[in-house]
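Heads up: the sequence lines are chains A and B, in that order.
full-length UniProt numbering numbers the first residue of the first sequence as 1 and each following residue consecutively.
full-length UniProt numbering numbers the first residue of the second sequence as 1 and each following residue consecutively.
Where is the CB? At the ideal position from N, CA and C, for every residue including glycine.
2 protein chains.
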Amino acid sequence: MTEQVTTGTLVTTGTDVTRMRELNALSIVRALRGNPPSTVTELATRTGLSRPGTDVIVQGLVADGWLTVVEPDGSSVVGRPARRYRFNAGAGHVIGVDVGAHKVLAMLADLDGTVTWTTRLPVDPGADPAARLAVADAAVDECLAATGLRPEDIWAITVGVTGPVDASGRTTLFTPLPGWASVNPAEHLAARFSCPVQVENDCKLAALAERWQGAARDADDIVYLLAGMRTGAGLIIDGTLRRGYGGAAGEIGALRAVRWLTAPSHLENCASLPAGIDTDDAAAWVFNAARSGDKAARTAVRRYTRDLAVGTAALVLTLDPQVVVLGGGFSRSADLILGPLARELGRTCLRVPEIRASTLGAESVALGALRLALDEVDARLFGVGLPAPVAPRA
Amino acid sequence: MTEQVTTGTLVTTGTDVTRMRELNALSIVRALRGNPPSTVTELATRTGLSRPGTDVIVQGLVADGWLTVVEPDGSSVVGRPARRYRFNAGAGHVIGVDVGAHKVLAMLADLDGTVTWTTRLPVDPGADPAARLAVADAAVDECLAATGLRPEDIWAITVGVTGPVDASGRTTLFTPLPGWASVNPAEHLAARFSCPVQVENDCKLAALAERWQGAARDADDIVYLLAGMRTGAGLIIDGTLRRGYGGAAGEIGALRAVRWLTAPSHLENCASLPAGIDTDDAAAWVFNAARSGDKAARTAVRRYTRDLAVGTAALVLTLDPQVVVLGGGFSRSADLILGPLARELGRTCLRVPEIRASTLGAESVALGALRLALDEVDARLFGVGLPAPVAPRA
DNA sequence: ACTCTTTTGTAAAGAGCGCAGCATTATTCC
DNA sequence: GGAATAATGCTGCGCTCTTTACAAAAGAGT
Numbered sequence: 001m002t003e004q005v006t007t008g009t010l011v012t013t014g015t016d017v018t019r020m021r022e023l024n025a026l027s028i029v030r031a032l033r034g035n036p037p038s039t040v041t042e043l044a045t046r047t048g049l050s051r052p053g054t055d056v057i058v059q060g061l062v063a064d065g066w067l068t069v070v071e072p073d074g075s076s077v078v079g080r081p082a083r084r085y086r087f088n089a090g091a092g093h094v095i096g097v098d099v100g101a102h103k104v105l106a107m108l109a110d111l112d113g114t115v116t117w118t119t120r121l122p123v124d125p126g127a128d129p130a131a132r133l134a135v136a137d138a139a140v141d142e143c144l145a146a147t148g149l150r151p152e153d154i155w156a157i158t159v160g161v162t163g164p165v166d167a168s169g170r171t172t173l174f175t176p177l178p179g180w181a182s183v184n185p186a187e188h189l190a191a192r193f194s195c196p197v198q199v200e201n202d203c204k205l206a207a208l209a210e211r212w213q214g215a216a217r218d219a220d221d222i223v224y225l226l227a228g229m230r231t232g233a234g235l236i237i238d239g240t241l242r243r244g245y246g247g248a249a250g251e252i253g254a255l256r257a258v259r260w261l262t263a264p265s266h267l268e269n270c271a272s273l274p275a276g277i278d279t280d281d282a283a284a285w286v287f288n289a290a291r292s293g294d295k296a297a298r299t300a301v302r303r304y305t306r307d308l309a310v311g312t313a314a315l316v317l318t319l320d321p322q323v324v325v326l327g328g329g330f331s332r333s334a335d336l337i338l339g340p341l342a343r344e345l346g347r348t349c350l351r352v353p354e355i356r357a358s359t360l361g362a363e364s365v366a367l368g369a370l371r372l373a374l375d376e377v378d379a380r381l382f383g384v385g386l387p388a389p390v391a392p393r394a
Numbered sequence: 001m002t003e004q005v006t007t008g009t010l011v012t013t014g015t016d017v018t019r020m021r022e023l024n025a026l027s028i029v030r031a032l033r034g035n036p037p038s039t040v041t042e043l044a045t046r047t048g049l050s051r052p053g054t055d056v057i058v059q060g061l062v063a064d065g066w067l068t069v070v071e072p073d074g075s076s077v078v079g080r081p082a083r084r085y086r087f088n089a090g091a092g093h094v095i096g097v098d099v100g101a102h103k104v105l106a107m108l109a110d111l112d113g114t115v116t117w118t119t120r121l122p123v124d125p126g127a128d129p130a131a132r133l134a135v136a137d138a139a140v141d142e143c144l145a146a147t148g149l150r151p152e153d154i155w156a157i158t159v160g161v162t163g164p165v166d167a168s169g170r171t172t173l174f175t176p177l178p179g180w181a182s183v184n185p186a187e188h189l190a191a192r193f194s195c196p197v198q199v200e201n202d203c204k205l206a207a208l209a210e211r212w213q214g215a216a217r218d219a220d221d222i223v224y225l226l227a228g229m230r231t232g233a234g235l236i237i238d239g240t241l242r243r244g245y246g247g248a249a250g251e252i253g254a255l256r257a258v259r260w261l262t263a264p265s266h267l268e269n270c271a272s273l274p275a276g277i278d279t280d281d282a283a284a285w286v287f288n289a290a291r292s293g294d295k296a297a298r299t300a301v302r303r304y305t306r307d308l309a310v311g312t313a314a315l316v317l318t319l320d321p322q323v324v325v326l327g328g329g330f331s332r333s334a335d336l337i338l339g340p341l342a343r344e345l346g347r348t349c350l351r352v353p354e355i356r357a358s359t360l361g362a363e364s365v366a367l368g369a370l371r372l373a374l375d376e377v378d379a380r381l382f383g384v385g386l387p388a389p390v391a392p393r394a
């Protein structure tokens, strides 16, 4: 008889009785994360486990450094005051880096996502990849030095870059950064850090940030628009960031009929623009002028918004999201864009989603990088199961 | 102290030791589904459980009717021949219904997805909703009558309709069927069936079918194109059908710049079309003429394909799928469409996905409905946990 | 100051489950 | 017919959770 073992789909592994305990430990950790310090009784009701059982597991988690004890303060309750337990967010840390054209922004956060340190270093827009990576290294080093952490204390790193990123973390062509085609920052950082290092497109990270701490906290289906001198999009569907098979999801700007590549030129080439103004400040000037009633400026903004709306409509009709978040540099002038954008979408879309302005500003990409790094940590912890925990501060 | 119970995110419930057993039972069922009848030893190695433990669980599953025993036949192996166990696919059944303009197609399948009965009934294209639902009822009744099953034996039903469907299963406006706006077939069927009844857009179901048994079996990121007198799309991302927040994902044809609504008119209005030909046969005639070299017909096909490509490019750039599947009535002429479509996409897209022709033909929507119904059954079984199983054929 | 109430902390008994190991059984090969 | 092979079935062991019970700690009332 032939040995017909189909290993095509991975079959869920059977649950051992010791694995069950791990699951319950994870269940308790999950019940604690994001909540204020809790008593054993609270955790027991939340997880559905019995109180003694919960207690045993909690003791183990404390011994392993995952939880810390909060001795009861003099609160006025009837009955014996309870010890409270807090998730030890300082057990591990993650780093998010935003490698932009003019600057590198690195942020360090604990497992709760609380940002502990932020470093911002300028970069020459014309710097070659090696120099740019060196600045990124310096920013990361400063994060470590300022907080007294060692590379082993970092559990995940995410780097945000412009342009599409393939599954292996390599940047592909079509990037505005000089010489940045086929650079692999992940490999570069892997030399010093043994933790997982991810590289991701900046728009996608900004979308994550908006869902985490920004304007789309309540939504599971989000189209994030990066509106600035560069135009891009990041997509979150069913609560998860979608990259596409080749990592190029959202790059609708490449379609000629979608005028995203040239949309900002309406602002740069505005007729009423003063002569000596810098390219980087031109857009801001035009928005201000439009706000004060300048005819040519208003036309420029209208044309820009109309071009922006074409691609947005394609995204909205493809995905039917709950929310469209307008981010990027131009989101500071959202008051001028939101209305016309909504009108344009109303003309073309079956169901017009809410349109909101970003609330995060320039830190959104780095924040999203933190979020992705935290997701990576969570996936490893909750997916495979609590591995021998890195005893924190031994 | 204030009672701060955050019930915002549902916390995973703790695992009881009896729940563990359910999980292991599910694990064994999963290891058996889609595989040929297996011995206990095979199941033990596949699930990672011990052989005695596996045996106990298997006995229980047999007693509950989930598994059936296959006594050893005279196969030539050394050693004691093993009993084999087979998933009892007949323990439950699902029904998929395709409510089209000209016909209603109902299919009945067991839990393995093996189609047991198919009924096809004609409908007058102008029939009102009540008459159309009556035909659907008749088709479902015939499935039951022919197989001798009762309504209680059906574990899930999915109905495919044209046009967008919202989360509650109501059809919305923008449907080509007469009077079909805001009809709720789910409610209608719920009167006779107590099982879950889903209503879904036909394009989306066809996409599911292609991934299940059609041209995209190997892909997790799929754009399905319905190319016929009506044009539509269905999206599968990360292996899951995506509906969008309002259920209108993929309805990019509503964008005016995307000429999907009018694309087929290039074929209908072809100059070389003979006078007396029926509207429904016009397209087929034009494709045949183009194949034999008719100039006007070739132009019509080229224009049609170009219009089809605009929307397809938007979908591809938004999602970056692995595969585009060309389905619908025109997929019979895929030899004429695939090449030009690929060329158009090559001009506009960063990464051109594979383009394949559908292999399922007219049954794709009903098949996809079956798949969705089976998914619903799986979700209830594997998600919540094996409920008191419906003792099959008591 | 004492007792009562309420809630927490902790220990012991009981049950269910999976695993390892050994004896038993059924079949083929020599 | 005997040896080799592989599946089946049974028993004891360890692990985990739950239930039950009791001791400890703090405030409220008399």
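Cβ proximity to chain B below 7 Å picks out E251, I252, A254, L255, R256, A257 from the stretch 251 to 283 of chain A. Burial check for T54 of chain A: the Cβ neighbour count within 10 Å reaches 16 or more, so the residue is buried. An exposed status is given to E187 of chain B, since fewer than 16 other beta-carbon atoms sit within 10 Å of its beta-carbon. Using a Cβ-Cβ cut-off of 9 Å, T348 of chain A is close to A254, L255, R256, A257 of chain B, given in chain order. With contacts defined by Cβ atoms closer than 8 Å, D220 of chain B and G239 of chain B form a contacting pair. Contact between the stretch 268 to 277 of chain B and the stretch 341 to 350 of chain B is absent, with fewer than three C-beta pairs closer than 8 Å.
Contact annotation for L315 of chain B against chain A: T318 [CB-CB distance below 8 Å, chain order].
Ranked by Cα distance from A206 of chain A, the options A:P36, A:R380, A:S27, A:L372 are led by A:L372. The C-alpha of S364 of chain B lies about 24 Å from the C-alpha of L149 of chain B.
Neighbours of P321 of chain B in chain A, taken as residues whose beta carbon is under 8 Å from its own, are G244, Y245 in chain order. For the stretch 23 to 35 of chain B, residues whose beta-carbon sits nearer than 9 Å to a beta-carbon of chain A comprise L23, N24, L26, S27, I28, R30, A31, G34, N35. The shortest CA-to-CA distance from T45 of chain B to any of B:G60, B:I28, B:L61 is the one to B:I28. Counting along the chain, no beta strand (DSSP E) covers F287 of chain A; the unbroken alpha helix (DSSP H) around it starts and ends at 279 to 291. In this structure, Q213 of chain A and L367 of chain A form a Cβ contact; the two beta carbons are roughly 6 Å apart against a cut-off of 8 Å. In the same chain as G228 of chain B, and ignoring 5 residues on each side of it, the C-beta atoms closer than 7 Å to its own belong to G328, G329, F330, in chain order.
Chain A has no Cβ within less than 8 Å of the Cβ of M229 of chain B. A contact between stretches requires three or more CB pairs, one per stretch, nearer than 8 Å, and the stretch 93 to 104 of chain A meets this requirement with the stretch 149 to 169 of chain A. In the structure shown, the three-state DSSP call for Y245 of chain B is coil. In the three-state reduction of the DSSP assignment, S38 of chain B falls in the strand class. The straight-line gap separating the alpha-carbon atoms of V77 of chain B and E71 of chain B is approximately 15 Å. Flagged as an interface residue toward chain A: I237 of chain B, by a C-beta distance shorter than 8 Å.
Taking 4 residues as the shortest admissible run, the stretch 193 to 223 of chain B contains the following complete alpha helix (DSSP H) segments, listed from N- to C-terminal end: 202 to 213.
When beta bridges are read from the DSSP output, R356 of chain B appears opposite B:V325.
Cβ-Cβ separation between R84 of chain A and L67 of chain A: approximately 10 Å, too far for a contact (criterion under 8 Å). The Cβ neighbour count for D281 of chain A, taken over all protein chains shown within 10 Å, is under 16; the residue is labelled exposed. V310 of chain B sits buried, since 16 or more C-beta atoms from the chains shown fall within 10 Å of its C-beta.
DSSP, read as helix, strand or coil, puts T240 of chain A in strand. Contact of T68 of chain B with chain A is not assigned, every C-beta pair being separated by 8 Å or more. By the Cβ criterion, the stretch 193 to 201 of chain B is not in contact with the stretch 293 to 304 of chain B, since fewer than three pairs of Cβ atoms, one from each stretch, lie closer than 8 Å. For P164 of chain B, the chain A residues whose C-beta falls within less than 9 Å of its own C-beta are D320, L350, R351, listed in chain order.
Within chain A, no C-beta atom comes nearer than 7 Å to that of V161 of chain B; the closest sits roughly 16 Å away. At least 8 Å separates the beta-carbon of V123 of chain B from that of V161 of chain B.
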